[in-house]
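Asks: Before I ask anything, let me first share the structure, which is written out below as structure tokens.
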Amino acid sequence: MSETLLTQDIEGVRTLTFNRPEKKNAFTHAMYEAATEALLRAGLDATVRVVMLTGAGGTFTAGNDIGDFLEQPPTGEDSAVFRFLRALVNFDKPVVAAVDGAAVGIGTTMLLHCDYVVATERARFVMPFINLGVCAEGASSLLVPRNAGMALASELLMFGDPFDAATAQRAGFVTRVVPDAQLQEVASERARTLASKPVEALKVTKRLLREPLRAEVNATLRREGAEFLKRLNSDEAREAFIAFMSRKK
Ligand code: COA
């Protein structure tokens, strides 16, 4: 367990909580590494039947730490962010996500790889890549058009505007939208229910659902990753990152 990724086990459900609330749970290298390690460990631990992802302090996550993008950008496929995405995409047990507040960038795209996503009515989603001078990641360029249709996918990825929980549900990121106060109760109940199902049958079911697209998802991660790395070094991206880091409130 690390300070920025909390772990809790209850009745076969391992909850991983992104815990950097003063920075809206923005992901640092250390957080990606801790989350990757936690998924790999959960995959091997027979007492863990379901993983739940959530964020502390009323935010899911503000996505990649923009200061990190400037100071220590990922450099290749083995970088922490890409290792995390691969660990999630290839995780073979059910993943539930409980989303409140902002889910930005990878905070939205990671939901494409979760099996059941509960979001509050006040949750806000955004894939702001275009406005940061970067591009789609997390296999969103493959899965969002499939789930949401090309028209909505193009709108979400080409304008990069925030969208609400109802739109996130329509676009296939979210399974169920609940009143703000019910998030923990509903997400925990769904996770516990999954944890009570026959464990091997559940694994097979997840594999059958995900396997037909897995090779394409992994190929898309590589294609997007290569473009994303190039974009990170562009003037467009550096200007956008510096503007965010030096903005006045
Ligand atoms: N990277 C680095 N720092 C971040 C961050 C990020 N992705 N997201 C938020 N923070 C920091 C802010 O700079 C601020 O730090 P400060 O208090 O030292 O100034 C703190 O977290 C709180 O954020 P703030 O913007 O004041 O909160 P808010 O409630 O007004 O807005 C967000 C929350 C998430 C909507 C907003 O912070 C945001 O848009 N963040 C950028 C998200 C982003 O573009 N991520 C990259 C995706 S590829």
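Counting along the sequence shown from 1, when you hit position 143 you're at 134 in the numbering used here, and nothing is skipped either side.
The C-beta atom is built at its ideal place from N, Cα and C for all residues, glycine as well.
1. Starting from the N-terminal end, write out each residue whose C-beta falls within a distance shorter than 5 Å of any non-hydrogen atom of the ligand COA.
2. Tell me whether N209 sits in a helix, a strand or coil according to DSSP, three-state version.
3. Just list the beta strand (DSSP E) runs in the segment 23 to 65, keeping only unbroken ones of 3 residues or longer that don't cross its boundaries, in chain order.
4. Are any of the Cβ atoms in chain B nearer than 9 Å to that of F116?
5. If you follow the beta strand (DSSP E) that F116 is in, where does it begin and where does it stop?
6. Based on Cα-Cα distance, which residue from L35, I57, A21 lies nearest to R74?
7. Between the Cα of T99 and the Cα atoms of G151, L61, S70, which residue gives the shortest distance?
8. Do the CB positions of V72 and Y23 come within less than 9 Å of each other?
9. Along the chain, where does the beta strand (DSSP E) containing L102 start, and where does it finish?
10. Can the beta-carbon of L102 be found less than 9 Å from the beta-carbon of F164?
11. So S132 and M118 are in contact, right, with Cβ under 8 Å, and what is the actual spacing, rounded?
12. DSSP on R198, reduced to helix/strand/coil?
13. Count the other C-beta atoms from every protein chain shown that fall within 10 angstroms of the C-beta of G67, then say buried if there are 16 or more, exposed otherwise.
14. Rounded to a whole number of angstroms, what is the C-alpha to C-alpha distance between N244 and T45?
15. Can you pull the DSSP bridge partners for V80?
16. Specify the secondary structure class of S237 as computed by DSSP and reduced to three states.
17. If you draw a straight line from the C-alpha of A142 to the C-alpha of L185, how long is it?
18. So who's on the other strand from A228, going by DSSP bridges?
19. Indicate the three-state DSSP secondary structure (helix, strand or coil) for A142 in the structure shown.
20. Could you check how far apart the C-beta atoms of R222 and V125 are, in whole angstroms? I think they sit under 8 Å.
21. Drop a sphere of 10 angstroms on the beta-carbon of T38, count the other beta-carbons inside from all chains shown, and report buried for 16 or more, exposed for fewer.
22. Between L148 and F154, how many whole angstroms is the CB-CB distance? I'm expecting something under 8 Å.
23. According to DSSP, which residues form a beta bridge with Q(-1)?
24. Excluding the 5 residues flanking A88 on each side, which residues of the same chain have their C-beta closer than 6 Å to its C-beta?
25. Just mark S57 as buried or exposed, buried being the case when its beta carbon has 16 or more other beta carbons within 10 Å.
Replies: Result, derived from the coordinates:
1. Close to the ligand COA, as judged by a C-beta nearer than 5 Å to any of its heavy atoms, are the residues K14, K15, A17, A53, G54, N55, D56, I57, A93, V95, G96, P119, in chain order.
2. The residue given as residue 209 occupies position 218 in the sequence shown. N209 falls in the helix class under three-state DSSP.
3. Listed in chain order, the complete beta strand (DSSP E) runs (minimum 3 residues) inside the segment 23 to 65 are 41 to 46.
4. Among the chains of the structure shown, chain B does not appear; only one protein chain is present.
5. For the purposes of this step, residue 116 is taken as residue 125 along the sequence shown, with counting starting at 1. Residues 115 to 117.
6. In the sequence shown, the residue the question calls residue 74 occupies position 83. Out of L35, I57, A21, A21 has the C-alpha closest to the C-alpha of R74.
7. Locating residue 99 in the sequence shown gives position 108, where the first residue counts as 1. For T99, the closest of G151, L61, S70 by C-alpha to C-alpha distance is G151.
8. As a first step, residue 72 is located in the sequence shown; it is residue number 81 there, counting from the start. As a first step, residue 23 is located in the sequence shown; it is residue number 32 there, counting from the start. Result yes, Cβ atoms of V72 and Y23 sit closer than 9 Å.
9. One-based indexing of the sequence shown puts residue 102 at position 111. Premise fails: L102 is in no beta strand (DSSP E) and is neither H nor E.
10. Within the sequence shown, numbered from 1, the residue matching residue 102 stands at position 111. Within the sequence shown, numbered from 1, the residue matching residue 164 stands at position 173. Yes, they are a contact pair.
11. In the sequence shown, residue 132 corresponds to position 141, counting from 1. In the sequence shown, residue 118 corresponds to position 127, counting from 1. Between S132 and M118, the beta carbon gap of about 10 Å keeps them out of contact (Cβ cut-off 8 Å).
12. Taking the first residue of the sequence shown as 1, we reach residue 198 at position 207. The three-state secondary structure of R198, taken from DSSP, is helix.
13. One-based indexing of the sequence shown puts residue 67 at position 76. Per the 10 Å Cβ criterion, exposed.
14. Because the chain spans -8 through 240 in this model, residue 244 falls outside it and cannot be assessed.
15. Start at 1 with the first residue of the sequence shown, and residue 80 comes out as number 89. DSSP lists no partner for V80.
16. Here the question's residue 237 lines up with position 246 in the sequence shown. DSSP places S237 in coil when its eight states are reduced to three.
17. Stepping through the sequence shown from its first residue, residue 142 is reached at position 151. Stepping through the sequence shown from its first residue, residue 185 is reached at position 194. Cα to Cα, the separation comes out at about 33 Å.
18. Position 237 of the sequence shown, counting from 1, holds the residue named residue 228. DSSP output for A228 lists no bridge partner at all.
19. Taking the sequence shown and counting its residues from 1, the one referred to as residue 142 is at position 151. Per DSSP, reduced to three states, the secondary structure at A142 is helical.
20. Along the sequence shown, one-based indexing puts residue 222 at 231. Along the sequence shown, one-based indexing puts residue 125 at 134. V125 and R222 do touch by the CB rule: their CB atoms are close to 4 Å apart, below 8 Å.
21. For the purposes of this step, residue 38 is taken as the residue at position 47 of the sequence shown. The residue is exposed, with fewer than 16 neighbouring Cβ atoms inside 10 Å.
22. Looking up residue 148 in the sequence shown gives position 157. Looking up residue 154 in the sequence shown gives position 163. About 11 Å; that fails the 8 Å criterion.
23. Looking up residue -1 in the sequence shown gives position 8. Note: Q(-1) sits in a beta bridge opposite T6.
24. Stepping through the sequence shown from its first residue, residue 88 is reached at position 97. Non-local C-beta neighbours of A88 in its own chain, meaning closer than 6 Å and more than five positions away in sequence, comprise L44, L102, C105, V108, ordered along the chain.
25. For the purposes of this step, residue 57 is identified with residue 66 of the sequence shown, where counting begins at 1. It should be noted that the sequence gives Ile, not Ser, for residue 57. Buried, because 16 or more other Cβ atoms sit within 10 Å of the Cβ of I57.
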